[in-house]
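Visitor: What follows is a structure written as structure tokens; I'll ask about it next.
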Amino acid sequence: MIFRKLFVAALATLSLAALSPAADAPSKKIDVDLSRMSGTVVYGMVYQMVTYPKRFVGKHIRMKGIFSTYYDNEIQQRFFGCVISDALACCSQGLAFELAKPRKFPDEYPKEGATITITGDFDLASEEDEEPYPIIRNAKMTNE
Amino acid sequence: MPELIEKLSFYLEFPFVRYAIIVGVLVSLCSSLLGVTLVLKRYSYIGDGLSHVAFGALAIASVLKLTNNMLLILPVTIAVAVLLLCTGKNTRIKGDAAVAMVSVGALAIGYLLMNIFSTSANISGDVCTTLFGSTSILTLKLEEVILCIALSCVVLFCFVLFYNKIFSITFDENFARATGVNTTLFNLLIAVIVAVIIVLAMNLVGALLVSALVVFPALSAMRVFKSFFSVTIAAATISVFCSLIGIVIAILAGTPVGSTIVAADIVAFGMFYSIGMLRNSGN
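Written as structure tokens, this is what we have:
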């Protein structure tokens, strides 16, 4: 059973590698560019993404925000996020992201609190027995 | 300029921006209509008191983990509005003292409850959002917009239908009673409408800034216009215009919605004050 799962996973990885665009291919069209919007609208937009994530699945997103990271001791996994604040700076919301090309933490990541721009595909990640949460996959990160 | 218009039309494609404008216009229209009556009855500060009561009720609703906060906030705010506006002069604690007591009391109890029975990881954020509106106007759900439209229609209908009675109660309650107007009933109606408007307006500008929506348009209109009818129409126009301008600036410039609307109201007051002064000096 476990061998079959491993085989399917390997096959899926190979298929994705074969289908993935070449490094110099033209970049995908951005469906939602949060980096061009004002702070007030960005906050409203991210609220929509977090509240109604299914509407945004598959969209290519670009967002600018604050780099944040969190280590979950229970599942021993580190999460990375891009956080934005509202106009009063009293509330903040963020989206988790997963880099297309994984980097070493902490050496290859910016410092927590640094301004970053993330471009990637909006998706829903799900853990066992938990509500799916929004995540930006295949992300590219640039920091200022 | 064309760039700004292009940017605005781009933002208007998002439903949540359209919801914010619809709710903003309706709330400012309703609050300005009743604002004239409240200012003339010397109850300018009641908006502040009731919004703090609504904040306290919101804290209780959060502690009780109610799915629909409105089920508690609206009845509690209406009950306090009735107590404050309908008991009149037959109370031991009168007018402004009662409003001040209720205002600070509800604010303190609300904050205390939020801290003791915290259900959120970001208490200061929740408090800040409720008090200053923050971006709650941009996070409205469709059902909240529908509720706001329905309540605004009720308020407008009541105001138009009972305009003459509200007018007579506003200027001389004793005379209105002598002419057969059921002043108790209409004071009760005004109290209920005021409470509904305050609860609606909390989403737009937050609990601390609600009074501005009630007071500024009425005072601006009173600088230039003299009759009750013309002041009411002018206050409604000023309020809607300032709200629209405030929301548009907040969206384009990324400023907080509530305080931008209030800033637009202050500028309008300054303009109308100057016009009034110029007219008086001309006369």
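These protein sequences, in sequence, are chains A and B.
FYI, in our numbering the residues of the first sequence are 1 to 144.
FYI, in our numbering the residues of the second sequence are 1001 to 1283.
Even glycine gets a Cβ: it sits at the ideal position worked out from N, Cα and C.
Owing to the predicted nature of the structure, the values given are computational and were not obtained by experimental measurement.
1) Consider the Cβ of V83/A: report whether some Cβ of chain B lies at a distance smaller than 9 Å.
2) Report back the beta-carbon spacing between S1220/B and I1245/B to the nearest angstrom; my notes put them in contact at under 8 Å.
3) Output needed for A1061/B: all residues of its chain with C-beta closer than 7 Å, excluding positions within five of it in sequence on either side, in chain order.
4) What does the Cβ neighbour count give for A25/A, buried or exposed, with the cut at 16 atoms within 10 Å?
5) Fully enclosed by the segment 1020-1099 of chain B, which alpha helix (DSSP H) runs are 4 residues long or longer?
6) When you compare the CB of S126/A with every CB in chain B, is at least one pair closer than 9 Å?
7) Along chain B, in chain order, which residues have C-beta atoms closer than 9 Å to that of Y47/A?
8) Scan the segment 55-76 of chain A for residues whose Cβ lies nearer than 9 Å to a Cβ of chain B and list them as they occur along the chain.
9) From A1097/B, L1012/B, G1110/B, F1225/B, pick the residue whose C-alpha is nearest to that of S1051/B; which is it?
10) Using a Cβ cut-off of 7 Å, which residues of the segment 1242-1257 of chain B contact any Cβ in chain A, in chain order?
11) What's the gap between the Cα of T13/A and the Cα of S1243/B?
12) Just to make sure I have the definition right: I need the residues of chain B whose C-beta is within less than 8 Å of the C-beta of Y133/A. Which are they?
13) Measuring CA to CA, which of L1140/B, N1174/B, S1028/B, D1172/B is closest to A1234/B?
14) For the segment 1194-1250 of chain B, list the alpha helix (DSSP H) runs that are entirely contained and at least 4 residues long, ordered along the chain.
15) Output needed for A145/A: all residues of its chain with C-beta closer than 6 Å, excluding positions within five of it in sequence on either side, in chain order.
16) Out of A1201/B, I1005/B, F1159/B, point me to the one whose CA is closest to S1147/B's CA.
17) Grab me the residues of G1056/B's own chain with a C-beta within less than 6 Å of its C-beta, minus the 5 sequence neighbours each way, in chain order.
Guide: The short version:
1) Here residue 83/A refers to the residue found at position 83 when the first sequence is read from its first residue. Not closer than 9 Å to any Cβ of chain B, the Cβ of V83/A fails to qualify, so no.
2) To locate residue 1220/B, count along the second sequence from 1; it is residue 220. To locate residue 1245/B, count along the second sequence from 1; it is residue 245. With a Cβ gap of about 14 Å, S1220/B and I1245/B do not count as contacting.
3) The sequence position of residue 1061/B within the second sequence is 61, counting from 1. For A1061/B, where only same-chain residues beyond five positions count, the Cβ hits under 7 Å are N1069, L1072, I1073.
4) Walking along the first sequence from the start, residue 25/A turns up at place 25. Note that A25/A scores 48 on pLDDT, short of 50, meaning its location in the model is unreliable and no value can be drawn from it.
5) Taken in chain order, the whole alpha helix (DSSP H) runs of length 4 or more contained in the segment 1020-1099 of chain B are 1046-1063, 1070-1086.
6) Working through the first sequence from its first residue, we reach residue 126/A at position 126. It does not: the Cβ of S126/A has no partner Cβ on chain B nearer than 9 Å.
7) Residue mapping note: residue 47/A aligns to position 47 of the first sequence, counting from 1. Neighbours of Y47/A on chain B, chain order: F1016, T1135, L1138, T1139.
8) From the segment 55-76 of chain A, no residue has a Cβ closer than 9 Å to chain B.
9) As a first step, residue 1051/B must be located in the second sequence, where it is residue number 51. It is G1110/B.
10) In summary, the residues of the segment 1242-1257 of chain B whose CB is separated from some CB of chain A by less than 7 Å are A1250, I1251, L1252, A1253, G1254, T1255, P1256, V1257, in the order they occur in the chain.
11) Within the first sequence, the letter at position 13 stands for residue 13/A. Within the second sequence, the letter at position 243 stands for residue 1243/B. Per-residue confidence for T13/A stands at a pLDDT of 38, beneath the threshold of 50, marking its modelled position as unreliable; no derived number is given.
12) Within the first sequence, residue 133/A is the residue found at index 133, counting from 1. Going along chain B, no residue has its Cβ under 8 Å from Y133/A, so there is no contact; the nearest lies around 15 Å.
13) Here the question's residue 1234/B lines up with position 234 in the second sequence. Of the listed residues, the one whose Cα sits closest to A1234/B is S1028/B.
14) Taking 4 residues as the minimum length, the alpha helix (DSSP H) runs contained wholly in the segment 1194-1250 of chain B are 1210-1224, in order along the chain.
15) There is no way to answer for residue 145/A, as the model of chain A reaches only from 1 to 144.
16) Locating residue 1147/B in the second sequence gives position 147, counting from the first residue. The question names Ser, yet the displayed sequence has Leu at residue 1147/B. Of A1201/B, I1005/B, F1159/B, the residue nearest in Cα terms is A1201/B.
17) Stepping through the second sequence from its first residue, residue 1056/B is reached at position 56. Excluding residues within five positions, the ones whose Cβ falls inside 6 Å are A1106, I1109, G1110.
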